[in-house]
Amino acid sequence: MTTTGLRGATELAHETATPPPKRRRGARRPIWQEAPSTALQALKVIFIIAVCLVMLYPFVYVIGMSFAAPKSVTSGQLFPTSFSTGAYESILGGGIISRALLNSAFITIVGTLLSTLATALLAYGLTRTRFAPVARGVLLMVLLTMLFGAGLIPNYLLVKNLGLLDTYWALILPVLISPFNMVVMRAFFMGLPSELLEAARIDGASELRIFFTIVIPLSKAVIAVIALFYAVGYWNVFFNAMIYINDTEKWPIQVVLNQFVVQNSDIANVTNPNEPPPPAVSVQNAVIVLATLPILCVYPFLQKYFTKGVLTGSIKG
Numbered sequence: 001m002t003t004t005g006l007r008g009a010t011e012l013a014h015e016t017a018t019p020p021p022k023r024r025r026g027a028r029r030p031i032w033q034e035a036p037s038t039a040l041q042a043l044k045v046i047f048i049i050a051v052c053l054v055m056l057y058p059f060v061y062v063i064g065m066s067f068a069a070p071k072s073v074t075s076g077q078l079f080p081t082s083f084s085t086g087a088y089e090s091i092l093g094g095g096i097i098s099r100a101l102l103n104s105a106f107i108t109i110v111g112t113l114l115s116t117l118a119t120a121l122l123a124y125g126l127t128r129t130r131f132a133p134v135a136r137g138v139l140l141m142v143l144l145t146m147l148f149g150a151g152l153i154p155n156y157l158l159v160k161n162l163g164l165l166d167t168y169w170a171l172i173l174p175v176l177i178s179p180f181n182m183v184v185m186r187a188f189f190m191g192l193p194s195e196l197l198e199a200a201r202i203d204g205a206s207e208l209r210i211f212f213t214i215v216i217p218l219s220k221a222v223i224a225v226i227a228l229f230y231a232v233g234y235w236n237v238f239f240n241a242m243i244y245i246n247d248t249e250k251w252p253i254q255v256v257l258n259q260f261v262v263q264n265s266d267i268a269n270v271t272n273p274n275e276p277p278p279p280a281v282s283v284q285n286a287v288i289v290l291a292t293l294p295i296l297c298v299y300p301f302l303q304k305y306f307t308k309g310v311l312t313g314s315i316k317g
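Once you know that position 261 of the sequence shown is 261 in the UniProt record's numbering, the rest is easy, because the numbers rise by one and skip nothing.
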């Protein structure tokens, strides 16, 4: 077809194309296409501020009461006007709460490292095509655990027969690998360029060397997010600790939080006996702050990895 023919065909297409429907005079667009008015924008701002205040008020109240002096607590003020660090000095000066914080820190650090490494190794192994039949079988078994659970009694008997009762491993090994996290990480690994891995194999690199020197550096985003998921889970471990840990010296902070805040047990026994006890309300709120603060401090540093790590892996899966 010549240039003249192309121009003629284009003009004909423009002439025969259906013109866009004209908007009738006075016809109104749907409300979601209308530009918001000043009053509506002001209403939105007021609504957002109200929601923020409702969400922030409990945190501000708990933090304020944890620093409240005894006279502010006894006066029943909505927000304390005099402050004291006596509650934090008492619970951090020794006792069961200090031990519980150390126990939770140990469980969180060790559990997160082991769970992230085990999940990454399993996810990478399931992406190897040369072991496809075995990988599909293992993946199916892992996915079945998301649908069917053994139940409380079989899990307890298993932990007991393994000799893990009253040990930290009872809180780590039964939840070492999360199927959901493994699926997300496997999907991310499958998106890595296979040519890069094949080039490393041609150069004589083993699978473990490829995993630690190529796959791990390229997967920092998903590893950071999965590690955060595990860290939050281990820090908030409560139910398994109630079942498997009877020794109070090995309780994590969430069990202590339940005993002395929810169950309202005697708080005087957990503070430093050498100093006058602060108000129980201040100690309870200080325990809540200490149980919440570490995770709140970690989130801002890993937030930038969420979109790249989780969404990329889940979409490709």
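A virtual CB, placed ideally from N, CA and C, is assigned to each residue, including glycine.
By the C-beta density criterion, A42 is exposed, having fewer than 16 other C-beta atoms within 10 angstroms.
Comparing alpha-carbon positions, the option among G233, P133 and V138 lying closest to P174 turns out to be G233. Between the alpha carbons of L293 and T38 lies a gap of roughly 39 Å.
At least 8 Å separates the beta-carbon of A200 from that of I216. DSSP links F83 through a beta bridge to A68. The beta carbon of F229 lies closer than 8 Å to those of S178 and N181 in the same chain, with the five residues before and after it left out. Contact between N103 and P252 is confirmed by a C-beta separation of about 5 Å, below the 8 Å threshold.
Non-local C-beta neighbours of D166 in its own chain, meaning closer than 8 Å and more than five positions away in sequence, comprise Y244, I245, N246, D247 and K250, ordered along the chain.
In this structure, V283 places its C-beta atom within 8 Å of the C-beta atom of A87.
According to the DSSP assignment, G125 belongs to the alpha helix (DSSP H) that extends over I96 to G125. Following the DSSP letters along the chain, one finds E198 inside the alpha helix (DSSP H) bounded by residues S194 to I202. For I97 and I91, the gap between their C-alpha atoms comes out near 6 Å.
Between the C-alpha atoms of A286 and A187 there is a straight-line separation of about 41 Å.
M185 is positioned such that its CB atom lies closer than 8 Å to that of A123.
In the same chain as F79, and ignoring 5 residues on each side of it, the C-beta atoms closer than 6 Å to its own belong to G64, in chain order. Residue environment for I107: buried (at least 16 other C-beta atoms within 10 angstroms of its C-beta). The alpha helix (DSSP H) runs of length 4 or more contained entirely in the region 32-66 are, from start to end of the chain, 38-66. Here I223 is near A120, since their CB atoms are less than 8 Å apart. One alpha carbon belongs to V281, the other to V73, and they sit about 8 Å apart. For G137, the uninterrupted alpha helix (DSSP H) segment begins and ends at A132 to L147. When DSSP states are grouped into helix, strand and coil, N285 belongs to the helix group. Separation of V54 and S194 (C-alpha to C-alpha, rounded to the nearest whole angstrom) is 50 Å. About 5 Å separates the beta carbons of A291 and L257, which is inside the 8 Å limit, making them a contact pair. Distance from the CA of D203 to the CA of V298, rounded to the nearest whole angstrom, comes to 39 Å. Taking the CA atoms as reference points, N155 sits about 40 Å from A205. Spanning the alpha carbons of L147 and L140 requires a straight line of approximately 11 Å. Non-local beta-carbon contacts of W235 in its own chain, meaning distances under 7 Å to residues more than five positions away in sequence, involve S104, T108, P294 and I295 in chain order.
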